Amino acid sequence: MTGRLRMRVVVRETGFYLGVLVVIAIALFPFYWILRTSLESDGQVAAGVGGKNGLLPSHLTLSSYVNDFTQQHFLTPLVNSIVVALATTFVTIIVATLAGYALARLNIRGAGAILGFVLLAGFFPVLAMIGPLFLLLKDLGMLNSIYPLIVIYLVYTLPISTWLLRNFFAQIPRELEEAALVDGATRLQALVKVVAPVAVPGVFTAAILSFILAWNDFAFAVSFLETPSHFTAPLSIVTFGQSQFQVFYNRIDAAVVIISVPIAALVLILQRRIVSGLTAGSFR
Amino acid sequence: MSGQAIAPAAASEAAPTGGGGGTARRARRSSRRAADRRLGYALVAPAVILLLAITGFPLVYNLWNSFHYVNLSYANVPQHFVGLSNYTRMFTSSSWLASLERTLAFTAVSAVFDTAVALGLALMLHRRFPGRGLLRAAILIPWAVPTVVSAMLWQTMFDPRAGFVDYFLGIVHPSWGSLTWAGASVLRSWVVVFIADAWKNVPFVAIILLAGLQVIPTEVYEAAKIDGATAWQSFRRMTLPLLKPAIMVALVFRTLQAFFVFDVIYIMTGGGPGTSTETLSFLNYQTFITNTDFGYGGAMSIVLIVMALVIAGVYVRVLRPEL
Chain B
896 MTGRLRMRVV VRETGFYLGV LVVIAIALFP FYWILRTSLE SDGQVAAGVG
946 GKNGLLPSHL TLSSYVNDFT QQHFLTPLVN SIVVALATTF VTIIVATLAG
996 YALARLNIRG AGAILGFVLL AGFFPVLAMI GPLFLLLKDL GMLNSIYPLI
1046 VIYLVYTLPI STWLLRNFFA QIPRELEEAA LVDGATRLQA LVKVVAPVAV
1096 PGVFTAAILS FILAWNDFAF AVSFLETPSH FTAPLSIVTF GQSQFQVFYN
1146 RIDAAVVIIS VPIAALVLIL QRRIVSGLTA GSFR
Chain C
58 MSGQAIAPAA ASEAAPTGGG GGTARRARRS SRRAADRRLG YALVAPAVIL
108 LLAITGFPLV YNLWNSFHYV NLSYANVPQH FVGLSNYTRM FTSSSWLASL
158 ERTLAFTAVS AVFDTAVALG LALMLHRRFP GRGLLRAAIL IPWAVPTVVS
208 AMLWQTMFDP RAGFVDYFLG IVHPSWGSLT WAGASVLRSW VVVFIADAWK
258 NVPFVAIILL AGLQVIPTEV YEAAKIDGAT AWQSFRRMTL PLLKPAIMVA
308 LVFRTLQAFF VFDVIYIMTG GGPGTSTETL SFLNYQTFIT NTDFGYGGAM
358 SIVLIVMALV IAGVYVRVLR PEL
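Heads up: the protein sequence lines correspond to chains B and C, in order. The opening position of the first sequence corresponds to residue 896 in this note's numbering, with each subsequent residue numbered one higher. The opening position of the second sequence corresponds to residue 58 in this note's numbering, with each subsequent residue numbered one higher.
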């Protein structure tokens, strides 16, 4: 009896860990494959997978990385993306921290309605925005510029950041700032000197999420940016394969590796914080 | 601000009379509340104004355009009022109706499949076991990388020369070693799009469901165990009903996201072969950016927004009573 029970436990546990392995393989094996492809030469890609170019290619080279920067001028789009994503993150953090604090603490009327509106704005269809924004940017002479994207990307970052920070502030004990207020500090002083330091983990999580969301945009960039030197990195990659009789996946995949590495590094180092940030208080 | 300046003065005035201390404290607290509230509005204002500008302006402008002829390709034809003709043109357009059908089918399949898979992932992540951190990191990475990465990555994978899909299929059966995928047939193009899209979007749905699992009190399971319930029974009778709010949030989120699908389509198939993978968002992009027809595109956008609201509304209506 106990023997059979133990058998069942062993089978169940084996099945569980097999499942975990399968999930990890599905999630990560494609990344191994693009890394592998990005390290092949043009000749190897042209020859196709098989023989010496199997799971582990016999010969590896950095030529496609060199090509991406020297021939495809990938550095400019990369810098464009970094500038836009950092600027969007900066604006998001300031605006969302203030709003999150007010919604959690300052007894404003209609806080629920405001939170509802913020959520709804987060679900606004992106493709329903590009027409009017295209006309506006055209009138302002700002088509083909990365700077308006800093404001436009707030539609990705502000809703989730405001909600996250509002939930975060709601969990900080009120006594903390009450003590500061009794000591004669104003609300703003209490926020900056007492509450903000405690809120750093929440602000940090919101910053990571904002950076990821701004970094990932494709739809706005493809609609408004026209010349390669003004492209963001994701948009630039899509044009790599074009205007060639043969698609050089090693060059595309080298660029894919380059834009994935910073994001993957962030996730690996900060995964616990990201998950707790995404789940914090969402169903409380 | 001024309320706080007045409040201490009022308190010190009231203090000597002794009996009036309570009202003074109350007055001070209520004036602080009023000051807080004013500060509160000032602090939320930037967020609300920015979001209102970014979403409200396109909404109103689209609405206005949708009743007008606005086409930059024919600059000699001035803008003029055309009534409902953009809408009637859309509702009788075979390409729009076909893309509506496709989008709805893709949305239904994606929402159901992705949420089911995500539930399995969430249950895995909810358990404490050695290697949980690795699993969590592994599934977060596909979510965090740009859609361009997931699209380009799966495009490489499904390429008969560069990818591993045919490489492995070829090991199983030699004649499967050189199948072409994206663009080869309607079904294969959709398979490629569906896999790239699910691979990227399942993780976030799993995180939403994980959040729901984490708020279910452990006593519930202990009680079930004492009553002799099997793992399946406690999942059916306890976990699923208690997880319903989270499942609803996950479904609404995933349904709307799939309904708006654009990036993977643009990158992987370009709407092809022919027009067979054009979705509502893709068609809207083409109408705006390729054809510069902002009247017709505006009507498409308005209908897209209305349909999104209807979808969200239906979910709330259907699932609310059971919550």
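Using N, Cα and C, we set each Cβ at its ideal position, and we do this for glycine too. These numbers were taken from a predicted model, which means no experiment stands behind them.
Please classify residue 1144/B: does DSSP put it in a helix, a strand, or coil? Position 249 of the first sequence, counted from the first residue, corresponds to residue 1144/B. In the displayed model, residue 1144/B falls within a helix according to three-state DSSP.
Report the three-state DSSP secondary structure of residue 350/C (helix, strand or coil). By 1-based counting over the second sequence, the position of residue 350/C is 293. Of the three classes helix, strand and coil, the one that applies to residue 350/C here is strand, per DSSP.
Interface residues of chain A around residue 358/C at Cβ under 9 Å? Absence of chain A from the displayed structure is noted, the protein chains being B and C.
Work out the CA separation of residue 103/C and residue 1096/B for me, nearest whole Å. For the purposes of this step, residue 1096/B is identified with residue 201 of the first sequence, where counting begins at 1. For the purposes of this step, residue 103/C is identified with residue 46 of the second sequence, where counting begins at 1. Answer to the nearest angstrom: the Cα atoms are 23 Å apart.
Looking only at its chain, what residues have a beta carbon closer than 8 Å to the beta carbon of residue 290/C, apart from the 5 residues adjacent to it on each side? Stepping through the second sequence from its first residue, residue 290/C is reached at position 233. Excluding its 5 nearest sequence neighbours in each direction, residue 290/C has C-beta neighbours in its own chain below 8 Å: 281, listed in chain order.
Is it the case that the Cβ atoms of residue 326/C and residue 334/C are separated by a distance below 8 Å? Residue mapping note: residue 326/C aligns to position 269 of the second sequence, counting from 1. Residue mapping note: residue 334/C aligns to position 277 of the second sequence, counting from 1. It is a contact, given that the beta carbons lie within the stated cut-off.
In terms of residue numbering, what span does the alpha helix (DSSP H) encompassing residue 963/B cover? The residue you call residue 963/B lines up with position 68 of the first sequence. Run containing residue 963/B: 958 to 965, per the alpha helix (DSSP H) assignment.
Can at least three beta-carbon pairs, one atom from the stretch 94 to 110 of chain C and one from the stretch 1008 to 1018 of chain B, be found at a separation below 8 Å? Flag = yes, the stretch 94 to 110 of chain C and the stretch 1008 to 1018 of chain B touch.
Indicate whether at least one CB of chain C lies closer than 8 Å to the CB of residue 1057/B. Residue numbering aside, residue 1057/B sits at position 162 when the first sequence is read from its first letter. Yes, residue 1057/B counts as interfacial toward chain C.
Applying a beta-carbon distance threshold of less than 7 Å, which residues of chain B neighbour residue 355/C? Your numbering for residue 355/C matches position 298 in the second sequence. Taking a Cβ-Cβ threshold of 7 Å, the residues of chain B close to residue 355/C are 1026, in chain order.
What does DSSP give as the partner residue(s) for residue 1097/B in the beta ladder? As a first step, residue 1097/B is located in the first sequence; it is residue number 202 there, counting from the start. BP columns for residue 1097/B are empty, so no partner.
Nearest to residue 1121/B by alpha carbon, out of 346/C, 251/C, 278/C? Here the question's residue 1121/B lines up with position 226 in the first sequence. Cα-wise, what sits closest to residue 1121/B is 346/C.
In the structure shown, what three-state DSSP assignment does residue 70/C receive? Stepping through the second sequence from its first residue, residue 70/C is reached at position 13. At residue 70/C the pLDDT is 37, less than 50, meaning the model places this residue with poor confidence and gives no usable figure here.
For residue 327/C, which three-state DSSP category applies? Taking the second sequence and counting its residues from 1, one reaches residue 327/C at position 270. Coil.
In this structure, does DSSP put residue 125/C in helix, strand or coil? Numbered from its first residue, the second sequence carries residue 125/C at position 68. Reduced to three states, the DSSP call for residue 125/C is strand.
What's the gap between the Cα of residue 250/C and the Cα of residue 1152/B? Within the second sequence, numbered from 1, the residue matching residue 250/C stands at position 193. Within the first sequence, numbered from 1, the residue matching residue 1152/B stands at position 257. One Cα belongs to residue 250/C, the other to residue 1152/B, and the distance between them is close to 21 Å.
My understanding is that residue 223/C touches residue 236/C, with C-beta atoms under 8 Å, so please give their C-beta distance in whole angstroms. To locate residue 223/C, count along the second sequence from 1; it is residue 166. To locate residue 236/C, count along the second sequence from 1; it is residue 179. Yes, residue 223/C and residue 236/C are in contact; Cβ-Cβ is about 6 Å, under 8 Å.
CA nearest to the CA of residue 1073/B, picked from 1109/B, 1099/B, 1085/B, 904/B: Looking up residue 1073/B in the first sequence gives position 178. Nearest C-alpha to residue 1073/B: 1085/B.
Quick one: which chain C residues come within Cβ less than 9 Å of residue 1118/B? On the first sequence, position 223 is the one that residue 1118/B refers to. Within chain C, the residues near residue 1118/B are 342, 345, 346.
For residue 125/C and residue 359/C, I'd like the C-alpha separation in whole angstroms. Sequence index remark: in the second sequence, residue 125/C carries index 68 (1-based). Sequence index remark: in the second sequence, residue 359/C carries index 302 (1-based). C-alpha separation (whole angstroms): 13 Å.
Would residue 173/C and residue 311/C be called neighbours here (beta carbons separated by less than 8 Å)? The residue labelled residue 173/C in the question sits at position 116 within the second sequence. The residue labelled residue 311/C in the question sits at position 254 within the second sequence. Taking 8 Å as the Cβ cut-off, residue 173/C and residue 311/C do not qualify as a contacting pair.
Short CB-CB distance (under 8 Å) between residue 1170/B and chain C: Taking the first sequence and counting its residues from 1, the one referred to as residue 1170/B is at position 275. Residue 1170/B counts as touching chain C.
Apply the 10 Å Cβ neighbour rule to residue 1148/B and answer buried if 16 or more other Cβ atoms are within range, or exposed otherwise. Reading the first sequence from its first residue, position 253 is the one you call residue 1148/B. It is buried - the Cβ of residue 1148/B has at least 16 other Cβ atoms within 10 Å.
Quick check on residue 183/C: does DSSP put it in helix, strand or coil? Residue 183/C sits at position 126 when you count from the first residue of the second sequence. When DSSP states are grouped into helix, strand and coil, residue 183/C belongs to the helix group.
Should residue 146/C be flagged as near chain B, meaning a C-beta pair shorter than 8 Å? Within the second sequence, the letter at position 89 stands for residue 146/C. Among the residues facing chain B, residue 146/C is not included, as its CB has no counterpart in that chain under 8 Å away.
Counting pairs of beta carbons, one from the stretch 314 to 322 of chain C and one from the stretch 991 to 1007 of chain B, are three or more of them closer than 8 Å? No contact exists between the stretch 314 to 322 of chain C and the stretch 991 to 1007 of chain B.
Is it the case that the Cβ atoms of residue 353/C and residue 147/C are separated by a distance below 8 Å? Locating residue 353/C in the second sequence gives position 296, where the first residue counts as 1. Locating residue 147/C in the second sequence gives position 90, where the first residue counts as 1. Yes. Within cutoff.
Tell me whether the beta-carbon of residue 163/C lies closer than 8 Å to the beta-carbon of residue 336/C. Here residue 163/C is taken as the residue at index 106 of the second sequence, counted from 1. Here residue 336/C is taken as the residue at index 279 of the second sequence, counted from 1. Result yes, Cβ atoms of residue 163/C and residue 336/C sit closer than 8 Å.
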